[in-house]
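A short worksheet on the structure shown next.
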Amino acid sequence: MDTDLRNWFKEVENRGELKTINGAHWNLEVGGITQLNWKKRPNPALLFDNIKDYPPGFRVLTSSTSTFQRIALTYGIPVSDDEQEVVDSFSRSFPGWIADIGKYPPVQVKDGPVMENSFQGKDIDLFKFPTPMWHEDDGGRFIGTGCAVITRSPDSNEINLGTYRIMLHDHRTMGFFSVPGRHGRIHCENYHQKGEKCPIAVSFGHHPLYFRAAAADLPLGAEYNFIGAVAGSPVEVITEEITGLPVPANSEIVIAGWCPPGKLLPEGPFGEYTGYYGGQHPAPVIEVERIYHRNGPVILGSPPGRAPNDSSYFMSLMCSMVIKNYLITAGIPDIKAVWLCEVGGPQLIVISLKQRYAGHAKQAALIASQSPTGTNMGRYVIVVDEDINPRNIDEVLWALAFRSDPEQGIDIIRRARSNSLDPMVQRPITVFHNNVGIIEACKPFERLETFPKEVTLSPALEAKIKHFLS
Ligand SMILES: Cc1cc2nc3c(=O)[nH]c(=O)nc-3n(C[C@H](O)[C@H](O)[C@H](O)COP(=O)(O)O)c2cc1C
96 MDTDLRNWFK EVENRGELKT INGAHWNLEV GGITQLNWKK RPNPALLFDN IKDYPPGFRV
156 LTSSTSTFQR IALTYGIPVS DDEQEVVDSF SRSFPGWIAD IGKYPPVQVK DGPVMENSFQ
216 GKDIDLFKFP TPMWHEDDGG RFIGTGCAVI TRSPDSNEIN LGTYRIMLHD HRTMGFFSVP
276 GRHGRIHCEN YHQKGEKCPI AVSFGHHPLY FRAAAADLPL GAEYNFIGAV AGSPVEVITE
336 EITGLPVPAN SEIVIAGWCP PGKLLPEGPF GEYTGYYGGQ HPAPVIEVER IYHRNGPVIL
396 GSPPGRAPND SSYFMSLMCS MVIKNYLITA GIPDIKAVWL CEVGGPQLIV ISLKQRYAGH
456 AKQAALIASQ SPTGTNMGRY VIVVDEDINP RNIDEVLWAL AFRSDPEQGI DIIRRARSNS
516 LDPMVQRPIT VFHNNVGIIE ACKPFERLET FPKEVTLSPA LEAKIKHFLS
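First residue of the sequence shown? That's 96 in my numbering, and the numbers climb one at a time after it.
Rendered as C-alpha cells:
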C-alpha cells in the first residue's frame, strides 16, 4: 500500500468523499466549518484551499479519518459500507500488524518530495503556512493537531513518533504540550536531565496513517515499523541535517529544531476532546532551525472538540483494539470484544467476555483500567457477558440495569493517573489524579447456571412468523 498523501487524495476523491473548500479564512472559519462537518454522518474529508491571506495550493486537510470507510481505506483493509464488517476486519488485522512490527524497520533514502523547498536562518517563517485558529477561545494558532513529533532517546537509537499539540509562538518558535509519561516527553526530559537540548522534528502533513500511528499507544519506538507493517513495505526516511532525526521522505511539511532545557512559554488554552478548554500553562518550546515542505504543502489538521469530533470515531476503534490486544497479551482468556464508545473514549471502556472463573471479570477490568490507553484519565470500566455487544449502548445499559448490583459490583480505584485536561480535577493543582469506577454488569459467576431464564424469540419461531410484518 502506498503511503503518500497525494495518492490517498486520489482514492478518497474517487469514492466521492473529498470536498474542496475555497476561500475560507484561517481565523476560525476553517475550524468552524470542520466542526459543522462533524455533525454530518457520514461526512466528507475537507480540503481547504485558497485560504485567506495565503497562496493557492497552501492547504489544510481535516476530517481525514472520521468515517469507518476512510479508516478502512487508510489502513488498506477492504472498504465496505457495513460498519461491523470494517470493525471486524480491523480487529482481525490489528494483531498481525503488531506481530509484524519487527519486520519493517524504516529505510534511509537520500531525497524525497519533502525536500522540494527548504528554509533556514532569516528565511524561517512559521506563519508561511495557513495554520488555523481552530476554536474561538484558543490561545493561539495550533499548527500541530494531526502531527507526528519525532524524537530520539539520548541513550539509544530508539525513535518515537507522538501526536502532541503544537502552538505557534512567533516566526521561529513553537510550543508543545505533552502529558507526563508520553514517550516524546520522556526523550526530552532525558536530554534535559543531562543539561542538553533535545533535537525534535515534526511532520505536519502526511498520509493519515502517520498521524494515526503517532496518536496510538504503540510500544515505545514502534511507530515507523507499525506504519511499514500496515503498508506492507518499509517507510522511507531522510536523515534531517540539523537534528539527525529520520523524517518521512514523503511528508508534506517537516519542521526541525531544538527544545532547550528550562525554557517554558505560556501555551493554550485550546479547545480539547473533553469538550472543554484546557488551561494556559508554561510549556516547553521548539526553537526552529529548518523548514522543509513539498510544493503545495498540506497541513493535516485534526482539531479536537466535544465528540463526535475529527478523531473520536477512530480513537474508539483504535483504542478498543489496543486494549483488547493488551488484555489478550496479559493472558486474560475469552475476551470477546472491547469498545470505547465514541463520546466517552478511554473514559468509558466496555469489555465483553465469557466468564471462565470467579474474579475473571474484575481481573479484566482492573488490567484494562491500568493499561497505557485506559489509565489516562480513565473514568469507568464496565464488564458485560459475552452475549452483550459493547458497541450497542442499549445492550450495555440493559446489562447495567439488570445484571449489576451496586453493592457487590462496583469498585473504585483511587488516585489513578489523570492529566491536566480533566475537567473534574479541582484546581489549582499540579499533580493530576482521578478515581476510576469498575462496574461488573455481568451475571454473578456463582449464579451463571441458575440466573433467570432470558426472554428471547427462538430462531425457529422468528423464521416462522416474520413474514407477518413484511
Ligand atoms: C488529535 C489528537 C491530539 C492529541 N494531542 C495530544 C497532546 O496535545 N498531548 C498529548 O500528550 N497527547 C496528545 N494526544 C494523545 C497522544 O498522541 C497519544 O497518547 C500517543 O499514543 C502518544 O504517543 P507516545 O505514546 O509515543 O508518547 C493526542 C491524540 C490525538 C488523536
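Just so it is clear, CB atoms sit at the ideal spot from N, CA and C, and this is done for glycine as well.
In this text, all values refer to a predicted model and were calculated from it rather than measured experimentally.
From the DSSP output, which residues share a beta bridge with residue i?
i    : result
E535 : V478
Q465 : Its beta-bridge partners do not exist; DSSP assigns none.
K558 : Per the sequence shown, the amino acid found at residue 558 is Ala instead of Lys. In DSSP, A558 forms no bridge with anything.
T246 : N255
Y387 : S213 and V349
M228 : N122
C293 : C354
I430 : L448
R512 : H528
So residue i and residue j are supposed to be a Cβ contact under 8 angstroms. How far apart are they, rounded?
i    : j    : result
V325 : E335 : About 24 angstroms separates the two Cβ atoms, so there is no contact after all.
S397 : T240 : 5 angstroms
P377 : P364 : Rounded, the Cβ-Cβ distance is 13 angstroms, inconsistent with contact.
P485 : W434 : 4 angstroms
F306 : E347 : With 8 angstroms as the limit, F306 and E347 do not qualify as a contact, their Cβ atoms being about 11 angstroms apart.
K449 : E490 : Not quite, the Cβ-Cβ distance comes to about 16 angstroms (not below 8 angstroms), so this is no contact.
When you compare each of the options to residue i by their alpha carbons, which one comes out closest?
i    : options                   : result
I136 : G454, V125, G126 and D405 : Sequence inspection shows Arg at residue 136; the Ile mentioned does not correspond to that position. For the residues G454, V125, G126 and D405, the minimum Cα distance to R136 belongs to D405.
P200 : P151, G111 and G327       : G327
T160 : N529, L315, R474 and A308 : A308
V383 : P361, Y408 and P355       : P355
I483 : A496, Y475 and R474       : A496
I394 : I381, I322, V349 and I172 : V349
T468 : I534, V438 and I444       : I444
P225 : L113, H120 and A459       : H120
M210 : P523, N530 and N390       : N390
I245 : P399, Q503, N132 and Y259 : Y259
G127 : D517, W229 and F546       : W229
W192 : E180, D206, G171 and N212 : G171
D144 : N117, I166, R165 and L156 : N117
A243 : Y149, N529 and L340       : L340
P151 : T157, R542 and L142       : L142
F527 : T157, I533, P518 and I534 : P518
I418 : A432, F409, P139 and Q203 : A432
P539 : V174, L556, A456 and G473 : A456
G257 : R277, C293 and K548       : R277
V297 : W103, I337, H287 and H562 : I337
I333 : Q442, L422, G316 and A351 : A351
How should residue i be labelled, buried or exposed, when 16 other C-beta atoms within 10 angstroms of its C-beta is the threshold for buried?
i    : result
I638 : With the chain covering only 96 through 565, there is no way to say anything about residue 638.
S411 : buried
Q521 : exposed
P428 : exposed
I446 : buried
N420 : buried
S553 : exposed
D312 : buried
What is the DSSP secondary structure of residue i, counted as helix, strand or coil?
i    : result
W566 : Outside the shown range of the chain, which is 96 to 565, sits residue 566, and nothing can be said about it.
E211 : helix
T470 : coil
Q179 : helix
E112 : coil
R154 : strand
Q450 : coil
S407 : helix
D265 : strand
R187 : helix
G504 : helix
H301 : coil
G400 : coil
N420 : helix
N117 : strand
G439 : coil
Would you say residue i lies against chain B (beta-carbon separation less than 9 angstroms)?
i    : result
G279 : In the displayed structure, chain B is absent; only one protein chain is listed.
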